[in-house]
Amino acid sequence: MTKRITIKDIASELNVHHSTVSRALHNDPRVNEKTRDIVLAYAREHEYQKNMNAVQLRGTANNAIALIVPNINHSFFADIVSQLTDIAFQKGYVISVFQSNEKYEQEKEIINTIIQHNFAGAIVSIAKDTQKSDHFRLLKKFGIPLVFFDRVCEDVMAPKVIVNNYDITVLATECLIKKGYSRIAHITGTNIINVFRNRDQGYQDTINKFNIDYKNSIEIKEDFSIEIGKEVFNKLWNSTEKPDAILSSSVNLTLGILIQAKLLEVKIPEQLGLITFGSMLSSEIYQPQMTTIEQQETEIAQATFELLEDMIVNKNNQVIIKEIKAQLILRESC
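Every number in the working numbering is 4 more than the matching position in the sequence shown, counting from 1.
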């Protein structure tokens, strides 16, 4: 754990008064430009972070946990937020929810805020365009416990809770094949993220295993939305070789597919088999009822919180990886 550098440390090292350092860090015009630049350069080099807890009374317990999710509008993350806030409250913690909006730069700023406010711990599912992990290592350097869930940074040595995305995608693809579908399209996210990479590998391996000629994996780099689902379905249905089944990685994408399928009078499951990742409120009431891959949000939230609490309370720094097994719930859409 890195000792948090203070304003007094900087002042001592640069042989200036601590008030000068404080003013320089706040761009106070009373500090000349040369001194300010020296202070700022030293602060950056030594990863100075403002400690917002410095104004609190000594001995005040820090029971705040930071939760970073890519997009709270997605049903999966909304469920996780709900579950975790409830579990944390029962254990005497409060959770502050941050949304990265699938943006790496925003995610970095959130991490800086977490360090500045000295949160007791952090729970993170990374943004779609996150390809670097230095900001997460910074959390560890400042001794803030970190647990990843679902979308993880595989090169960061921290506990993780993941879903068996490869295995469940193999199962879902095999299910479609055994039901007679032979032109299965897979709509997924960017392969930068472990979740979508593992799903795509499961799809590709299963198609190859059964020697099926049709292979169409569509990588969506934008945010999953109903509109994107509509657009993708229109392209697929207007192609020279239409799919006879779709495996979708998102409820929002699936809703867009359903809207367009109904508009074009495409019969499900006769003309198009459909399986979606995620719980849909309409899974059981939609006609035909939707076959879904349930990701077990309650188990994910429980396992994630237990790992973080063990780090906070027992100082357990073991890198534990827990895999939650998703379930394929067969209904009428395939």
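All C-beta atoms, glycine included, are put in the ideal place defined by N, C-alpha and C. Keep in mind that this is a model prediction, so the values were computed, not measured.
Please say whether V167 and F153 have beta carbons closer to each other than 7 Å?
Taking the first residue of the sequence shown as position 1, residue 153 is located at position 149. Taking the first residue of the sequence shown as position 1, residue 167 is located at position 163. No, Cβ-Cβ distance for F153 and V167 is not below 7 Å.
By Cβ distance, which residues of its chain are closer than 6 Å to F281, with the 5 residues on each side in sequence left out?
Here residue 281 corresponds to residue number 277 of the sequence shown, with the count starting at 1. Around F281: S253 and I297.
Can you check which of these residues, V35, P33, L29 and N36, is closest to L44 by C-alpha distance?
Against the sequence shown, residue 44 aligns to sequence position 40. Among V35, P33, L29 and N36, the Cα nearest to that of L44 belongs to L29.
Through-space distance from K225 to D41, alpha-carbon basis:
Locating residue 41 in the sequence shown gives position 37, counting from the first residue. Locating residue 225 in the sequence shown gives position 221, counting from the first residue. Their backbone Cα atoms lie some 40 Å apart in a straight line.
When the distance is taken between beta carbons, is A189 closer than 7 Å to N220?
Counted from its first residue, the sequence shown places residue 220 at position 216. Counted from its first residue, the sequence shown places residue 189 at position 185. Yes, these two residues count as a Cβ contact at 7 Å.
Let me know the secondary structure DSSP gives V156 once reduced to three states.
Here residue 156 refers to the residue found at position 152 of the sequence shown. In this structure, V156 counts as coil in the three-state DSSP scheme.
Among N36, Q299, I9 and K266, which residue has its Cα nearest to the Cα of R48?
Stepping through the sequence shown from its first residue, residue 48 is reached at position 44. When only C-alpha atoms are compared, the closest one is I9.
In its own chain, which residues sit with a C-beta less than 8 Å from the C-beta of E303, not counting the 5 before and 5 after it?
Translated into positions along the sequence shown, residue 303 becomes position 299. Cβ neighbours of E303 beyond the five flanking positions: I328.
Could you tell me if T80 is buried or exposed, where buried requires 16 or more neighbouring beta carbons within 10 angstroms of its beta carbon?
Looking up residue 80 in the sequence shown gives position 76. According to the sequence shown, residue 80 is Phe rather than Thr. That one is buried.
Answer yes if the stretch 130–150 comes into contact with the stretch 107–119, meaning at least three C-beta pairs across the two stretches below 8 Å, and no otherwise.
yes
By the 10 Å Cβ neighbour count, where 16 or more other Cβ atoms means buried, how is D204 classified, buried or exposed?
Along the sequence shown, read from residue 1 onward, the residue named residue 204 stands at position 200. That one is buried.
Answer with buried or exposed for G184, where buried requires no fewer than 16 other C-beta atoms within 10 angstroms of its C-beta.
Reading the sequence shown from its first residue, position 180 is the one you call residue 184. Per the 10 Å Cβ criterion, exposed.
For V255, count the other beta carbons within 10 Å of its own beta carbon; 16 or more makes it buried, fewer makes it exposed. Which is it?
Position 251 of the sequence shown, counted from the start, is the residue given in the question as residue 255. Per the 10 Å Cβ criterion, buried.
Residues that DSSP places opposite F167 in a beta bridge:
For the purposes of this step, residue 167 is identified with residue 163 of the sequence shown, where counting begins at 1. The sequence as given places Val at residue 167; Phe does not occur at that position. Looking at the DSSP assignment, V167 forms a beta bridge with I328.
Under DSSP, the alpha helix (DSSP H) around L312 begins and ends at which residues?
The residue given as residue 312 occupies position 308 in the sequence shown. E301 to N318 is the extent of the alpha helix (DSSP H) around L312.
Is the beta carbon of L259 sitting closer than 7 Å to the one on I230?
To locate residue 259, count along the sequence shown from 1; it is residue 255. To locate residue 230, count along the sequence shown from 1; it is residue 226. The answer is yes: Cβ separation under 7 Å.
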